[in-house]
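Every position in the sequence shown, counted from 1, becomes a number in my numbering once 26 is added. Yeah, the Cβ is synthetic: ideal placement off N, Cα and C, and Gly gets one too. Following: one structure in structure tokens, then a few remarks.
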Amino acid sequence: MAKDSEKKIDDSVTVGIPIAVKKPSGDKEFSLDKKCPFKKVVVHPLVLLSVVDHYNRATKNQKVKRVVGVLLGSQGPNKTLDIANSFAVPFDEDDKQIWFLDVDYLETMFHMFYKVAAKEKIVGWYHTGPKLAKNDIAINELLMKFTPNPVLIIIQATPTEMGLPTEAYYQCHENHCDGSLPSKTFEHLASEIGAEEAEEVGVEHLLRDIKDQTAGTLTQRLNHQLAGLAGLEKFLVEITKYLENVHDGKLPKNDQINYMIQEALNLLPNVHNPEFVESQNVSSNDQYMCVYMGSLIRTVIALHNLIDNKISLQKAEKDIMAVPEPEKKEIAKPAVDVKTEAKK
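Encoded structure:
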């Protein structure tokens with residue numbers, strides 16, 4: 027939500043406001059001209075593996091900040107963009123807005139991929155970030171020669187935070203109410219990781235050596251909940267920073283973002299409502315009852331095993347006591363030493 031207006035580009039430009047070094051003042055209002063035909067982007071695991079391999083190969087011999095490649099896929103139902111494949115493209119840039127992208131190599135590689143899978147078209151491009159850069163607008167316009175609505179996906183090859191390693195964007199125009207010319211900016215797209223059944227089997231095979239086999243289902247559930255809470259905390263911090271920047275006049279007011287924040291806050295329950303307190307207590311008591319019953323069952327089973335063990339020991343002692351004395355000695359007679367017999 028607030029991420030759309032707070033995501034920084036090289037510490038001088040902000041997504042959700044005009045792409046320029048000078049930021050607009052807080053009293054200027056603007057609206058976004060959204061023409062993206064996609065509502066959601068689905069990234070396949072093969073793309074993630076290819077990007078990580080590309081990044082590792084490029085950074086092994088060269089000192090590069092990020093790598094760039096092209097995304098291949100097709101449009102699915104419900105305005106979903108399905109990204110199933112990708113390939114790397116030679117790319118270089120410096121700090122003075124000078125960059126190079128090998129278009130001839132791009133066209134050659136795309137024709138080769140087209141012969142193998144004709145359904146996969148160029149749908150966008152990727153880079154490894156870790157954030158948006160000033161040259162992204164120019165690179166995105168270059169990709170418009172191959173597709174009318176290219177999608178940019180920032181893939182974290184070395185993620186440092188919990189959550190999805192992908193962030194999807196699309197280019198749109200920003201119309202200002204003060205009569206100034208529209209500016210170009212990036213807007214967020216919802217993204218997720220998805221795979222077909224064959225891909226899931228391959229991913230599970232690759233992760234077999236990485237996955238902790240000792241971790242049970244309860245541990246995995248707790249880890250997933252912790253990851254979700256950490257992501258929620260991150261978003262709340264970003265929303266707080268955005269609202270503080272709007273209040274201080276560092277960012278312009280965006281009614282759409284404010285409506286989304288208000289809609290999210292309206293979903294929160296009223297903790298002072300007696301009905302909510304009662305239902306929460308009932309739910310907590312039910313959960314505690316399950317935990318209590320589980321503890322009782324474990325205790326009863328442990329006592330049952332202890333009693334069975336004592337009964338078996340007593341039975342063994344009675345059997346030993348019932349054996350006659352000569353047989354006891356015969357039973358207790360030590361075994362003949364093999365070395366002694368050999369000497370004889």
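- For F172, same chain residues with a beta-carbon under 6 Å away, outside a window of 5 residues either side, are I148 in chain order.
- Bounds of the beta strand (DSSP E) holding N111 are T106 to V115.
- With distances taken between CA atoms, V78 lies nearest to G155 out of K145, Q123, K122 and G155.
- Proximity to Q288 across L269, S305 and V297 peaks at L269, based on C-alpha coordinates.
- Here N175 has C62, P63 and Y196 as same chain residues with Cβ atoms under 7 Å from its own Cβ, once five neighbours each way along the sequence are excluded.
- Cβ atoms of S112 and L98 come within 8 Å of each other, at about 6 Å.
- For L244, same chain residues with a beta-carbon under 7 Å away, outside a window of 5 residues either side, do not exist.
- Under the three-state reduction of DSSP, E223 is assigned to helix.
- Across the structure, L255 and L339 are spaced so that their CA atoms are roughly 52 Å apart.
- If you check the CB distance, T184 and E200 do not come in under 7 Å.
- CA-to-CA, the gap between I124 and L132 works out to about 19 Å.
- Burial check for E146: the Cβ neighbour count within 10 Å reaches 16 or more, so the residue is buried.
- Under the DSSP assignment, K279 falls outside any beta strand (DSSP E); it carries neither an H nor an E label.
- Within the same chain, Cβ atoms closer than 8 Å to the Cβ of D118 are found at V90, W125 and F126, the five residues on either side in sequence being excluded.
- Excluding sequence positions up to five before and after A143, its CB lies less than 6 Å from no other CB in the same chain.
- Residue state for N166 is assigned as helix, using DSSP reduced to three classes.
- According to the DSSP secondary-structure assignment, L291 is paired through a beta bridge with no residue.
- Close CB contacts of V303 within its chain, under the 8 Å cut and outside five residues either way in sequence, are with V297 (chain order).
- The beta-carbon distance between V177 and V67, rounded to whole angstroms, is 6 Å. This is short enough to meet the 8 Å contact definition.
- Each of T186, M170, P191 and I337 was checked against the Cα of I180, and the nearest Cα belongs to P191.
- Residue burial is scored here from C-beta neighbours: H330 has fewer than 16 other C-beta atoms within 10 angstroms and is therefore classed as exposed.
- Your pair I219 and P71 checks out as a contact, with CB atoms roughly 7 Å apart and the cut at 8 Å.
- A distance below 7 Å separates the beta carbons of G95 and V115.
- Taking the Cβ atoms as the reference, A216 lies roughly 7 Å from K65, within the contact range of under 8 Å.
- Of the candidates E301, I109 and A194, the residue whose Cα lies closest to the Cα of S100 is I109.
- Excluding its 5 nearest sequence neighbours in each direction, E193 has C-beta neighbours in its own chain below 6 Å: I180, listed in chain order.
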